[in-house]
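Engineer: Protein chains in written order, with the working numbering: chain G, 1027 to 1328; chain L, 3 to 511; chain F, 185 to 549. Using N, Cα and C, we set each Cβ at its ideal position, and we do this for glycine too. Attaching a single structure in structure tokens format; questions to follow.
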Amino acid sequence: MEWLEALLTSGVRMTTPILLAALACLPTLWTRDINIGLEGVMIFGAFFGVALGIATGSALTAVLLTLVLAAAAGLCFGLLVTKLKVDVFVGGIVLFVFAGAATAYLLDILFGVKGNLSDPGIPVLSSLEVPLFEDVPLVGGIVSGHSGLSWLAVILAVVLAVADRRTVVGVRFRAAGSHPEALSAAGVSVVKTRVIAQVWCFALAALAGIEISVGQLGLFTVGMVGGVGFVALAVVIFARGSVGFTVLVSVCFGIATAVSFQFDKNVVPHELTQMLPYAAALIALVFISRRSRRPGRTLVGV
Amino acid sequence: MTTVPSVLRATAITKRFGDLLANDRVSFEVQPGEIHAVVGENGAGKSTLMNILFGMQRPDAGSIEIDGVPTELHDAADAIRAGIGMVHQHFMLVPEFSVTRNVTLGAEPRRLGFIDAKASERALAEPMALLGVQFDIRRKARELSVAQQQQVEILKVLYRGARILILDEPTAVLTPQETAELFRTLRSLSSSGVSVIFITHKLREVMEIADRVTVLRQGRTQGTFPLAEVDIPTLVSLMTGRSDVELGRLPRASHGRATRLRVEALSGRQFPDSELRDVTLHVREGEIVGIAGVDGNGQNSLVSLLTGGARPSVGSIHLDDVRLTGRSVGEHRQRGLGYVPEDRQADGLPLHAPVVEALAMGRLLSVRGLSLLGPAITRPVKAWAREMISRFGIKVTSLDTVPDSLSGGNQQKIVLARELDAQPRLLVMAQPTRGVDIGASEGIYTSILDLASKGAAIIVVSADLDELLRLTDRILVVYRGAIVAEFAAATTSRDELGLAMAGVHQEAA
Amino acid sequence: MSNLVEVSREAPAPHGVGRALIPVIKALVAPAAGLFVAIILIQSGGFQPLPTILVGLEYSLGSVEAIARTVAWGLPLCVATLGVVVAYRTGMFTVGAEGQIYVGALVSAVTGAYVGGLVPWAHQALSIALAALTAGAVSAGLGWLAAHWDVDIVLSSLLSNYVLLGLCIFLASGVFNDPAAEAPGATLPIQPSAEFLSLIPRTQLTVAVFLVAVLCIGAWWILERSVVGYRWRMIGESPRFATSSGMDVPRWQVLSLAVSGACCGVAGALLVLASQGRFASEIAIGLGWIAVMLALMGRAKPLLAILWVGVYSVMQAASRKIEQVADVPSDLAVLVICTILIAAAAAPGAVDLVVSTWRRRRGMA
């Protein structure tokens, strides 16, 4: 039983960054601007969360400041991709590579270390205990003891689900991706719509990165995001842009990742278990495409 | 001179795209409640002018007045606010949205950012009454027929309170009966004070519906005339600058007796078109057969099955007694097929590659083995390309010119040159002169007739009934995936074809 | 899809001098932006930018040995970039170069270390051939899935990187591990017969340079002049046109991906056989991604891509030297190339925006 509880707790922790990144990605899927540099934004989020935390001494301040920076970056990226007509694929690749190099660079310049920044003084997001539930077996592990970002992820999922079909903004996202000329002919700025989607994407992806560094581990390591951003891309593709399925698939991946940690090192070596989520994503991707047999959403171009 | 103030006046509109002067000091004006036709050949500048009036393009020079007030239109939102609404030739509907959502897009009744669904539905009642139409507004746009989609486009415009309606080639996709229905709606709108600007190259329709006509040629206005002052020949000569344009049936050599193409009990489907069911047709050598029908009734499936894009589920196709199995386009081409696709820019040409490469595809596909590593565009290939260019009158400055910069007519000539050079025994063409001006169209017809006189079997799928009447020997009408009628082109009429296209079967005489 | 590798559609240029100047401005913006970033970063480290850059350039280009060193470093990158270019020509925007390089490296390291009794050229040829075959098969597999089952190539190649990396490191830490090696996950050193003959001592320049030169010429000929290249080019330009013309598009796309993977495999083999002497977990981190970026910079044209490989190799060597003298981390090279790529991608749009705004102001006055 304890084993199950540990698994569920771990599952929530693993799901949170995936879910946040996937929710980040959804509006850009709707506007057909999906950006494979999501991983890069997460890396920046993870880094700045730690760096600003050290600078300001408060995890919460670090989170808020990083959010502002991320939103600004999203605005720039959005303008690059719309007004300056940079291809989203190219932009995404550059974002990813740039993030890795820039964070390594800053790590060296600002903190004089290479590869790893850990310091007991790094402020960590406090975990939220839910008083009524924390001692309940199983449920307690799921509900209590996680950082505020896990709750935020749930709230944002609900927000996005409601916004999707019932608000003006949601309709505009969908129209901008499905038939931008129609939206433009209706007098709505397609550029503005696409840029808003990018701002949202960058903000939430940064939060996903912060969750990994500041929310859980309290340090920054080069490569700590390790492909979670790419897994999130796979998630939204499987979910075909539906908010409900995105949550479901994210949870599946979160639990799968948690399960892979449970394997005894001597039975299955950790290099293999680490690659499990990606292999699973790849296999699932093949099956989903095989069954649908219609032109899929490509991550490239129109 | 009119004493009624114009509801819209455009003065000296000029617009340039690179080297192309699309609009050259164009001026025209529209009265309230008027149906004003704007005619011109493809490339005359009509669409550019309309896009400027709707704010989707900005003119390089010139001014626009609405109700006598100078107005700057920076984008579509400005135009909508000024009371201008546009129904584009290619519909601007989001396929997966309902009718309601499409109509209200951009101006949804809202409460705190949420869309008020009930208010949206109520808001559609008035425009629907004004237009005199009624259908289920919850249906998704992609489920509607083309004529219904056009009605939704008009509803959209009326919902926004438009007093000036611009319709860009609205009848291109309608049957004669649907066209009559559209005209009834337009007259009803015009009598309630809405002005209608109607862009078309179909002069018959102009004579039927317009109050006044403005003619554009090569970016300049040739004049605005009340309907009583013009007739079709006059308009043609104003549009083309020539007075010798032939509009009757094209002279034909008689064709042979042997059957070239044999289609038996063919069934199959090319999504999203309708499924073709149990179709049998024969084409003799030298015969030109036309296929007419409302878009979506199986023509695309037929083309796909003939060209090897889809495999038949039942039945067979034989060309000169050799079976065309439908496994691949390559196989059909090897067995004698030539194909001029409907969408020449997507399927017929590499838009951004040099002309010589666009021409050479057929030749270079037959290269095998180690020669694959040999050079592609050799001197013989270039010489051949130059010969094609001169023989077909393709207007390019060099072999490296890119098709993207050429007119529709020139692009189609490249496609034809390539296809005809391979001496096909069966030529399948879809919409061969869509977007092509009259001069180039004549050249294309000449090439088709020439091929026919050499004994090839030719199938022409076209939405332009006049074209089919002029060019073909027989016309087959498809309706819901079956061939429901066959007419001799020399003796049938548009109305007869239109009725068959709508599924009304003729009694055998 | 081919929008990535074509010249952008241009807005009307102003007449006269402006018209001639516009393409020049568009071409220069990117390198200028890169230089600007380099200057800023070095300056912020407290050092004089231009002298520092010159020191770096001298290290990378200042003598025969320097050039040999720079070229030797750039050989695997060159081959990998050409591989990516081949794939991009047919519109197959794979980002799996990283994983395929690793596969090639491991296969050649194992072949080099464990297969014995071969004449040197045969041993090298075998190692390279096996590396190319394995990596090519992986890439072709992804291509087959993309062409026949509509599996998005970007996402599948992305995920394949992690799978392949994990697999390679697992094998190198387990079955093929060399316990005596310092680095984690390292295999046995290759036998002398598998090593490429060194050309200039102390520069790591080996006879591999001839192999790569042949590959470059071959790539140029095939992609730009041959019938194969023509077919690939037409597919990339307009897959629908290629299909309507009767080409078996999926087959040719899979072929291009097979060749692409083979090239990446060869790149990995060169890393082992002509440079490191064994496979280690850190052998090629990031090289595949740089290859992708350089292929994009070269707009999928082989000669242009090779040019950028040269530029990047120089930048890479220079930044290593700059790190020594000016305490600026060697990630500088990556940061500069990122800037250049983004600037190159944004320049046409930016210039068009400026030009059309200026024209509108003039026109509506």
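Should glycine 250(L) go down as buried or exposed, given a rule of 16 or more other Cβ atoms within 10 Å for buried?
Structural biologist: Looking up residue 250(L) in the second sequence gives position 248. Looking at its Cβ environment, which holds fewer than 16 other Cβ atoms inside 10 Å, glycine 250(L) is exposed.
Engineer: Give the DSSP-derived three-state secondary structure of proline 274(L) in the structure shown.
Structural biologist: Residue mapping note: residue 274(L) aligns to position 272 of the second sequence, counting from 1. Three-state result, proline 274(L): coil.
Engineer: Comparing the C-beta of histidine 1205(G) with each C-beta of chain L, is any distance below 9 Å?
Structural biologist: On the first sequence, position 179 is the one that residue 1205(G) refers to. It does: the Cβ of histidine 1205(G) has a partner Cβ on chain L nearer than 9 Å.
Engineer: Out of Gly1203(G), Ala1032(G), Gly1037(G), which has the shortest C-alpha to C-alpha gap to alanine 1282(G)?
Structural biologist: Translated into positions along the first sequence, residue 1282(G) becomes position 256. Looking at the Cα atoms, Gly1037(G) is the closest of the given residues.
Engineer: Less than 8 Å between C-beta atoms, sequence neighbours within five positions excluded: which residues of the same chain meet that for aspartate 1134(G)?
Structural biologist: Numbered from its first residue, the first sequence carries residue 1134(G) at position 108. Cβ within range, chain order: Lys1140.
Engineer: For the candidate residues Val1221(G), Val1285(G), Val1312(G), Ala1081(G), whose alpha-carbon lies nearest to that of threonine 1041(G)?
Structural biologist: Counting from one through the first sequence, the residue named residue 1041(G) turns up at place 15. The option with the nearest alpha carbon to threonine 1041(G) is Val1285(G).
Engineer: Can you tell me which residues form a DSSP beta bridge with valine 89(L)?
Structural biologist: Against the second sequence, residue 89(L) aligns to sequence position 87. Looking at the DSSP assignment, valine 89(L) forms a beta bridge with Leu169(L).
Engineer: Kindly say whether alanine 528(F), judged by its beta-carbon, lies nearer than 9 Å to any beta-carbon of chain L.
Structural biologist: Numbered from its first residue, the third sequence carries residue 528(F) at position 344. False, the Cβ-Cβ gap to chain L never drops below 9 Å.
Engineer: Taking 8 Å as the threshold, find out whether the stretch 210-219 of chain L comes into contact with the stretch 37-47 of chain L through three or more Cβ pairs.
Structural biologist: Yes, the stretch 210-219 of chain L is in contact with the stretch 37-47 of chain L.
Engineer: So does leucine 351(L) have its beta carbon nearer than 8 Å to some heavy atom of the ligand FMN?
Structural biologist: By its list of ligands, the structure shown contains no ligand whatsoever, and the ligand FMN lies outside what it can speak to.
Engineer: Assuming alanine 1234(G) contacts leucine 1046(G) under a Cβ cut-off of 8 Å, what Cβ separation, rounded to an integer in Å, is found between them?
Structural biologist: Residue mapping note: residue 1234(G) aligns to position 208 of the first sequence, counting from 1. Residue mapping note: residue 1046(G) aligns to position 20 of the first sequence, counting from 1. That pair is a contact at about 4 Å.
Engineer: Which bits of chain L does aspartate 334(F) rub up against, with CB to CB less than 7 Å?
Structural biologist: Taking the third sequence and counting its residues from 1, the one referred to as residue 334(F) is at position 150. Near aspartate 334(F) there are no residues of chain L at all, since even the closest Cβ is about 14 Å away, more than 7 Å.
Engineer: Check the DSSP bridge columns for leucine 428(L) and list the partner residues they point to.
Structural biologist: As a position in the second sequence, residue 428(L) is number 426, starting the count at 1. Partner(s): Leu339(L), Ala459(L).
Engineer: Might you give, ordered along the chain, the residues of its own chain that have their beta carbon closer than 6 Å to the beta carbon of serine 1239(G), omitting 5 neighbours on each side?
Structural biologist: For the purposes of this step, residue 1239(G) is identified with residue 213 of the first sequence, where counting begins at 1. Closer than 6 Å at the Cβ level, and outside the excluded window around serine 1239(G), lie Ala1072, Gly1075, Val1076, Phe1246.
Engineer: By Cβ distance, which residues of its chain are closer than 7 Å to proline 264(L), with the 5 residues on each side in sequence left out?
Structural biologist: Walking along the second sequence from the start, residue 264(L) turns up at place 262. Sequence inspection shows arginine at residue 264(L); the proline mentioned does not correspond to that position. These residues qualify, in order along the chain: His284, His320.
Engineer: If you follow the alpha helix (DSSP H) that histidine 332(F) is part of, which residue opens it and which one closes it?
Structural biologist: Taking the first residue of the third sequence as 1, we reach residue 332(F) at position 148. Element bounds for histidine 332(F): 304-333.
Engineer: At least one CB of chain G closer than 9 Å to the CB of asparagine 299(L): is that the case?
Structural biologist: Stepping through the second sequence from its first residue, residue 299(L) is reached at position 297. With 9 Å as the cut-off, asparagine 299(L) does not count as an interface residue toward chain G.
Engineer: Any C-beta of chain L sitting closer than 9 Å to the C-beta of alanine 1208(G)?
Structural biologist: Residue mapping note: residue 1208(G) aligns to position 182 of the first sequence, counting from 1. By this cut-off, alanine 1208(G) is an interface position.
Engineer: Name, please, each residue of chain G whose Cβ falls closer than 8 Å to the Cβ of proline 525(L).
Structural biologist: As displayed, chain L neither begins before 3 nor continues past 511, which places residue 525(L) out of reach and without an answer.
Engineer: Since serine 340(F) meets chain G, which of its residues come closer than 8 Å, beta carbon to beta carbon?
Structural biologist: As a working note, residue 340(F) is residue 156 in the third sequence. Residues of chain G passing the Cβ test: Leu1308, Leu1311, Val1312.
Engineer: Going by DSSP in three states, valine 40(L) sits in which element: helix, strand or coil?
Structural biologist: Here residue 40(L) refers to the residue found at position 38 when the second sequence is read from its first residue. Of the three classes helix, strand and coil, the one that applies to valine 40(L) here is strand, per DSSP.
Engineer: In the DSSP assignment, what residue or residues form a beta bridge with tyrosine 481(L)?
Structural biologist: Taking the second sequence and counting its residues from 1, the one referred to as residue 481(L) is at position 479. Beta-bridge pairing links tyrosine 481(L) to Ala484(L).
Engineer: Please classify glutamine 1300(G) as buried or exposed, where buried requires at least 16 other C-beta atoms within 10 Å of its C-beta.
Structural biologist: The sequence position of residue 1300(G) within the first sequence is 274, counting from 1. So glutamine 1300(G) ends up on the buried side.
Engineer: Between glutamine 301(L) and glycine 310(L), is the Cβ-Cβ spacing less than 9 Å?
Structural biologist: Position 299 of the second sequence holds residue 301(L). Position 308 of the second sequence holds residue 310(L). The answer is no: Cβ separation not under 9 Å.
Engineer: Using beta-carbon positions only, say whether serine 514(F) and isoleucine 506(F) come within less than 9 Å of one another.
Structural biologist: What you label residue 514(F) is simply residue 330 of the third sequence in a count that begins at 1. What you label residue 506(F) is simply residue 322 of the third sequence in a count that begins at 1. Contact: yes.
Engineer: Check each candidate in Leu1136(G), Leu1186(G), Trp1029(G), Val1221(G) and name the one with the smallest Cα separation from cysteine 1102(G).
Structural biologist: The residue labelled residue 1102(G) in the question sits at position 76 within the first sequence. Per the Cα distances, Val1221(G).
Engineer: Looking only at DSSP bridge pairs, what is proline 1043(G) linked to?
Structural biologist: Along the first sequence, one-based indexing puts residue 1043(G) at 17. For proline 1043(G), which the question treats as bridged, DSSP gives no partner whatsoever.
Engineer: If you run the structure through DSSP and keep just helix, strand and coil, what is alanine 549(F)?
Structural biologist: As a first step, residue 549(F) must be located in the third sequence, where it is residue number 365. Since pLDDT at alanine 549(F) reaches only 40, below the 50 mark, its modelled position is unreliable, and the value read off the structure follows with that caveat. Coil.
Engineer: Which residues in chain F sit within 9 Å of isoleucine 1236(G), going by Cβ to Cβ distance?
Structural biologist: Residue 1236(G) sits at position 210 when you count from the first residue of the first sequence. Per Cβ cutoff of 9 Å: no residues; isoleucine 1236(G) is ~22 Å from chain F at best.
Engineer: Would histidine 76(L) be called buried (16 or more neighbouring beta carbons within 10 Å of its own) or exposed?
Structural biologist: Taking the second sequence and counting its residues from 1, the one referred to as residue 76(L) is at position 74. Burial call: exposed.
Engineer: In the DSSP assignment, find the unbroken alpha helix (DSSP H) run with serine 551(F) in it and report its ends.
Structural biologist: Lying before the first or after the last residue shown, residue 551(F) is absent from chain F, which here runs from 185 to 549.
Engineer: Would isoleucine 490(F) and leucine 266(F) qualify as a contact pair, given that the criterion is a beta-carbon distance under 9 Å?
Structural biologist: Within the third sequence, the letter at position 306 stands for residue 490(F). Within the third sequence, the letter at position 82 stands for residue 266(F). Their beta carbons are under 9 Å apart, which means isoleucine 490(F) touches leucine 266(F) by this criterion.
Engineer: Kindly indicate which residue of Leu343(F), Ala531(F), Val512(F), Thr254(F) has the alpha-carbon position closest to the one of glycine 229(F).
Structural biologist: Residue 229(F) sits at position 45 when you count from the first residue of the third sequence. Checking every option, the nearest Cα to that of glycine 229(F) belongs to Val512(F).
Engineer: Any Cβ of chain F within less than 9 Å of the Cβ of glutamine 33(L)?
Structural biologist: One-based indexing of the second sequence puts residue 33(L) at position 31. Not closer than 9 Å to any Cβ of chain F, the Cβ of glutamine 33(L) fails to qualify, so no.
Engineer: If tyrosine 243(F) and alanine 451(F) are in contact, beta carbons under 8 Å, what's the gap, nearest whole angstrom?
Structural biologist: Position 59 of the third sequence, counted from the start, is the residue given in the question as residue 243(F). Position 267 of the third sequence, counted from the start, is the residue given in the question as residue 451(F). So it is not a contact: roughly 24 Å between Cβ atoms.
Engineer: Could you tell me the alpha carbon to alpha carbon distance between glycine 1327(G) and asparagine 104(L), rounded to whole angstroms?
Structural biologist: Taking the first residue of the first sequence as 1, we reach residue 1327(G) at position 301. Taking the first residue of the second sequence as 1, we reach residue 104(L) at position 102. Unreliable placement is indicated for glycine 1327(G), whose pLDDT of 32 sits below 50; the coordinate value is still reported in the next sentence. Their Cα atoms are separated by approximately 25 Å.
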